[in-house]
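Colleague: In the UniProt record's numbering, the protein residues as written are 1 to 567.
All C-beta atoms in this analysis are idealised placements derived from N, C-alpha and C, irrespective of residue type, glycine included.
1. Assign residue 212 to one of three DSSP states: helix, strand, or coil.
2. Let me check understanding here. Comparing Cα to Cα, which of 112, 332, 529 and 504 lies closest to residue 437?
3. What's the gap between the Cα of residue 274 and the Cα of residue 327?
4. Residue 433 to residue 257, Cα distance in whole Å?
5. Pick from 220, 381, 413 and 177: whose alpha carbon is nearest that of residue 290?
6. Do residue 359 and residue 568 come within 7 Å of each other at the CB atom, strictly closer than that value?
7. Going along the chain, which residues of its own chain have a beta-carbon closer than 6 Å to the beta-carbon of residue 299, five neighbours each way excluded?
8. Which value, in whole angstroms, describes the spacing of the CA atoms of residue 580 and residue 83?
9. Under 7 Å Cβ to Cβ from residue 532, same chain only, skipping five residues before and after it: list those, please.
10. Are the CB atoms of residue 501 and residue 521 within a distance shorter than 7 Å?
11. DSSP three-state call for residue 421: helix, strand or coil?
12. Compute the beta-carbon to beta-carbon distance between residue 377 and residue 193, rounded to the nearest angstrom, for a pair I have assumed lies under 8 Å.
13. Mind the definition here: the region 205 to 217 touches the region 234 to 253 only if three or more C-beta pairs lie below 8 Å; say whether that holds.
14. Taking 8 Å as the threshold, find out whether the region 416 to 425 comes into contact with the region 513 to 528 through three or more Cβ pairs.
15. Just to confirm, are residue 568 and residue 225 a CB contact at a threshold of 7 Å?
16. Leaving out five residues before and five after residue 534 in sequence, what residues of the same chain have Cβ atoms less than 6 Å from its Cβ?
17. Could you compute how far the alpha carbon of residue 587 sits from the alpha carbon of residue 167?
18. Give the secondary structure of residue 281 by DSSP, where H, G and I count as helix, E and B as strand, and everything else as coil.
19. Could you give the first and the last residue of the continuous alpha helix (DSSP H) run that contains residue 253?
20. Rounded to whole angstroms, what's the CA-CA distance from residue 233 to residue 408? Just pull it up for me.
21. Can you tell me whether residue 313 is buried or exposed? The criterion is at least 16 other CB atoms within 10 Å of its CB, across all chains shown.
22. Would residue 362 be called buried (16 or more neighbouring beta carbons within 10 Å of its own) or exposed?
23. Residue 336 to residue 490, Cα distance in whole Å?
24. Note down, in chain order, each residue of its chain lying with its Cβ closer than 7 Å to the Cβ of residue 441, except the 5 sequence neighbours on either side.
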């Protein structure tokens, strides 16, 4: 109160040079005192709060030219007129003093309302509460150890609790600044722009007038022992095929490999009405147009397996078998049990789950996310674009320069048309109703119709038992460290299709087994085709020999006729 009284006296009796025109004092019930003083060109309002040991001063200055500044609390009056900068400075000082005193007032209110003996915090977390008794011993041990540091870190005239709060705040701030500086100093490679290459694909015309681009590898059609057709996965193109597959291995096994662009991808024309049945029809027409007369193998990898499943359902008579690598199924399939569904969804990031939700409920919003990622015109990481969770080996593979070069070229071809609609359609196909179930592919006896007439018809026809589903072999390779298509999906497929041969690959991820692995490719071909026998022999060899014999016969006949004429 002495400070307040001194300030009041100095206001009532200002020093020489400070001419007071009028002043007014008001005392309020909240123990505050307001003093208003007016001078020529200056109005000063002082408000004194006495509920704490310090004095809270609120200053209000008004006026125009000819301002005089005075600090009534200090008893100092300037001789010169105050400038605008002085007024601003005094205003900022008053604002800071108000902020400090406001914080102290809030602290006092909290102490008086929450830290009393009857408050909720003290009753439930105080020293005499159950929780307080439980943590008393550990708390005392920690405080005892911290007292050793007080001698070195905390000044003698400071409260240890206040000092440690300041030290911890500075420590957290230093860590934040350090982390930002490390992130800033880290060399961030400049995003490479997408380059659209000139068109170079071979294409066929489908019955509805659309063009389909394809790529052919391996031996020619007339020398192929086996033919393989591969529909590519999401954000890929015909250029992917089996990444890193050598031409010498195709020649050794006599394999002809065909890959094609899905509608709207690469150089294939879009088809807004496509579904999985039309996808199987496109694959069948491609095989017929390129002279694949025998049955062919279909290979499905990741999301491309959706189209392989469709081929097994809609064109089973043209397939010799199927090879699946981390096959994707509908994550909303009603045949999944709780464990299979949980084992699948728990491996995925929140963003990927959200993207599946959008594809199923609000597919139009996917265009925005696609244009912010792989349709932005710049290259990026596949795991960031598609919100994938990768294992250690997959992470090492995608950082390899060979994979990076392959991936960038494949993406450039995939997004060539710059249209988000085909990608939205592909995402919707994965999570919507396929039009069939995997259970339809299960090999089982066809049930005869009921009734005496159907039974008599069966005996009279003498036909054998008929089967439904896919009759050929199905091989599935699944990496056990795959977090993109978790092993629980393959467990689901194997439960629904018990005849499928599942090859579990320990320590393999989503990419590591199929991409750029010569030994893995040889194992795959050996499993599918057995011992390599090379391509088929050339058919025109016998024709050449026959032609030579005919020429000899003609020559002999001509010689006989000449001899007859001579005689």
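Modeller: Let's see:
1. Note: residue 212 maps to strand in three-state DSSP.
2. 332
3. 21 Å
4. Going by C-alpha positions, residue 433 is about 30 Å away from residue 257.
5. 220
6. It is not possible to answer for residue 568, since the shown part of the chain is limited to 1 through 567.
7. Take residue 299, set aside five residues on each side of it, and the residues of its chain with a beta-carbon closer than 6 Å to its own are 228, 230 and 323, in chain order.
8. Since the first residue shown for the chain is 1 and the last is 567, residue 580 is missing from the structure and cannot be characterised.
9. Cβ neighbours of residue 532 beyond the five flanking positions: 252 and 253.
10. no
11. Residue state, collapsed to three classes: helix.
12. 6 Å
13. yes
14. no
15. Here the chain covers residues 1 to 567 and nothing more, so residue 568 does not appear.
16. 254
17. This structure cannot speak to residue 587, because the chain is shown only from 1 to 567.
18. Looking at residue 281 - three-state DSSP - the assignment turns out to be helix.
19. 247 to 253
20. 15 Å
21. The residue in question, residue 313, is buried, as its Cβ has 16 or more Cβ neighbours within 10 Å.
22. exposed
23. Distance between the alpha carbons of residue 336 and residue 490 is about 11 Å.
24. 312, 313, 469, 470 and 497
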